[in-house]
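Read the structure below first, then the notes.
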Amino acid sequence: MTAAGLTARRAGPLTGVVRAPGDKSISHRALILGALAHGVTDIEGLLEGDDVRRTAAAMGAFGAGVERLGEGRWRVEGRGGLAEPADIIDCGNAGTGVRLIMGAAAGFALTASFTGDASLRGRPMNRVLKPLGQMGATWICRDGGRLPLTLRGGGLKHIAYRLPEPSAQVKSAVLLAGLQAEGGCEVIEPEATRDHTERMLRAFGAVVEVSEAGTDRRIVLAGGQTLAGCAIRVPGDPSSAAFPLVAALITPGSEVTVKGMLLNPLRIGLLDTLGEMGADLAVTNVRDEGGETVADVTARYSQLTGVEVPPERAPAMIDEYPILAVAAAFAEGPTRMLGIGEMRVKESDRIALMAHGLAACGVGVEEEADALTVIGGQRGNHPVAGGARVTTHGDHRIAMAHLVMGLAAEAPVCVDQPGMIATSFPGFVELMRGLGAEIAHDQPAAA
Ligand code: S3P
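Positions 21 to 467 (the working numbering) are the ones given, in order, by the sequence shown.
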């Protein structure tokens, strides 16, 4: 029997004002830093997707008090450090969760075992284990640095680590471990990645020095700093807001506003790219909320033109290429996305799955090792045929990207494993329906 999927079909224009769910990156960090801190951290707007709930449960298992006070309102009572958990930590689908928690746990004299779902068990952990090992942590894991693994922390020493790949998760794992290391740590990024850990460490009272030399970004953290609990307001996730915004851009007659979206410059490469493609986007009500810039963003249906997205923009929009590829399918001319090899080690091989799904929907694509070209505008104003059932490999962003495509394609688009959308965007279907989208569960095929 085939499991039920979700099907999106073309209907009228999308209109309305919505709020994106809380930012996933910031939500994980708020819980982890709250657990490492002394005292109470009150969080508002926490993303209540499965990934973040796993991190909340993990922080409880490491000894913090973690309590849900109401919708998006969570309180963490930190004990100033992590204690040995009594059981295996299951991070589900969350790469950010497991990598950041391993970094934090490595700072303490404890043994902790980690696992996750099939996707997470297939993802590389060596990128985090390598610097943690250089600092003095030890571990045993499956071949290729895969989960499940058992980590032994404590007694860490200083590291000066140059990131071999642009990864905010690796940077953050080193910084969290470095908090407890003798002499602290230094991380050098050849390409700047999202800086939420640095910003939030400061909000918790730590001194973090950031300097720039050419394209290098150098982050220095003194060891032995104590964190003090604080209040965190989580802004709307630009990686989630991207789906209703692009849906409006490609669906004739639409106008959609997402309120309270995070505008951190290291997260909004998609807005720059869509702007270059001719998207009608308006950013209003720009304000500062808890050390981050947020704004309301309005997207109106637009005639898009294909562009070349430079490789240096990849870290600022790495999770947005699936939905950019959909926008590109409706644009006039090719869109070339360069330097996106990191997409292959996300929740799925996102280059391969987008190429496959777009081709199944009648869109011209060219896949390379670290690039993807989408050839839009092949069939006039509504260029995308659709009419496919797409395999998502349980990847939430692959599912949402294809559903958005179905809203403007000639024939419906169906995705499998739609339950995985809740890892990052619980309420996605209801939010899109509220804007006028037609997205429905299809009946499971008979056995
Ligand atoms: C994240 C960093 C990125 C991103 C992920 C969230 C973070 O991963 O893709 O969704 O919160 O630090 P990488 O560090 O692997 O680039």
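From the three backbone atoms N, C-alpha and C, an ideal C-beta is built for every residue, glycine too.
Through-space distance from residue j to residue i, alpha-carbon basis
i	j	result
residue 450	residue 124	36 angstroms
residue 275	residue 322	10 angstroms
residue 50	residue 250	9 angstroms
residue 437	residue 232	43 angstroms
residue 78	residue 111	8 angstroms
residue 190	residue 445	24 angstroms
residue 387	residue 365	15 angstroms
residue 34	residue 455	5 angstroms
residue 412	residue 169	26 angstroms
residue 300	residue 306	17 angstroms
residue 205	residue 149	15 angstroms
residue 18	residue 460	Because residue 18 is not part of the residues shown, which for the chain are 21 to 467, the question remains open.
residue 344	residue 166	30 angstroms
residue 103	residue 201	17 angstroms
residue 139	residue 375	19 angstroms
residue 175	residue 443	35 angstroms
residue 397	residue 179	50 angstroms
residue 439	residue 314	29 angstroms
residue 488	residue 369	With the chain running from 21 to 467 in the structure shown, residue 488 is simply not present.
Closest by C-alpha distance to residue i, when choosing among the options
i	options	result
residue 320	277, 139 and 41	277
residue 431	42, 300 and 408	408
residue 447	70, 30, 157 and 226	70
residue 81	377, 329 and 52	52
residue 159	117, 266 and 131	131
residue 360	336, 380 and 36	336
residue 91	85, 63, 269 and 100	63
residue 239	301, 209, 369 and 263	209
residue 256	302, 441, 296 and 284	284
residue 181	141, 155, 199 and 200	155
residue 105	65, 292, 227 and 128	128
residue 264	194, 425, 61 and 286	425
residue 380	396, 406, 370 and 68	406
residue 332	152, 172, 213 and 141	213
residue 353	39, 142 and 384	384
residue 152	126, 417, 37 and 308	126
residue 137	262, 410 and 414	414
residue 101	211, 36, 41 and 244	244
residue 68	94, 404, 270 and 61	94
residue 403	377, 296 and 270	270
residue 65	59, 89 and 266	89
Neighbourhood of residue i by C-beta, 6 angstroms cutoff - its chain only, sequence neighbours within 5 removed
i	result
residue 356	328 and 393
residue 114	71 and 74
residue 198	204, 205 and 241
Assigned exposure category for residue i - 16 Cβ within 10 Å defines buried
i	result
residue 422	buried
residue 30	buried
residue 272	exposed
residue 108	exposed
residue 340	buried
residue 334	buried
residue 177	exposed
residue 215	buried
residue 367	buried
residue 229	exposed
residue 237	buried
residue 347	buried
residue 87	exposed
residue 43	buried
residue 262	buried
residue 227	exposed
residue 37	exposed
Nonlocal neighbours in the same chain, by C-beta distance under 8 angstroms from residue i, ignoring five residues either side
i	result
residue 462	24, 25, 26, 27 and 434
residue 220	46, 49, 50, 53, 252 and 311
residue 458	28, 29, 30, 31 and 427
residue 453	459
residue 59	97, 98, 248 and 249
Neighbourhood of residue i by C-beta distance below 7 angstroms, restricted to the same chain and skipping five residues each side
i	result
residue 192	120, 123 and 217
residue 99	83 and 84
residue 390	359, 360 and 361
residue 147	185, 187 and 190
residue 268	34, 274, 275, 276, 319, 320 and 321
residue 288	258 and 336
residue 224	53, 57, 247, 248 and 250
residue 173	125, 126, 127, 128, 129, 130 and 157
residue 282	43, 255, 256, 257, 258, 312 and 314
Cutoff 9 angstroms: residue i Cβ touching any chain E Cβ
i	result
residue 273	Among the chains in the structure shown there is no chain E, since it carries only a single protein chain.
Just to confirm the assignment: which complete alpha helix (DSSP H) runs, minimum length 4, are found wholly within the stretch 357–413? 370–380
Which ranges does the alpha helix (DSSP H) cover as unbroken runs of at least 4 residues, wholly within the stretch 60–122, from first to last along the chain? 70–81
For the stretch 215–276, which segments carrying the alpha helix (DSSP H) assignment without a break, of at least 4 residues, lie completely within its bounds, in sequence order? 216–223 and 258–270
Can you list, in chain order, the stretches of the alpha helix (DSSP H) that have 4 or more residues and sit fully within the stretch 430–459? The stretch 430–459 contains these whole alpha helix (DSSP H) runs: 448–454.
Extract the residue ranges of the beta strand (DSSP E) inside the stretch 175–214, only unbroken runs of 3 or more that lie entirely within it. 177–182 and 202–209
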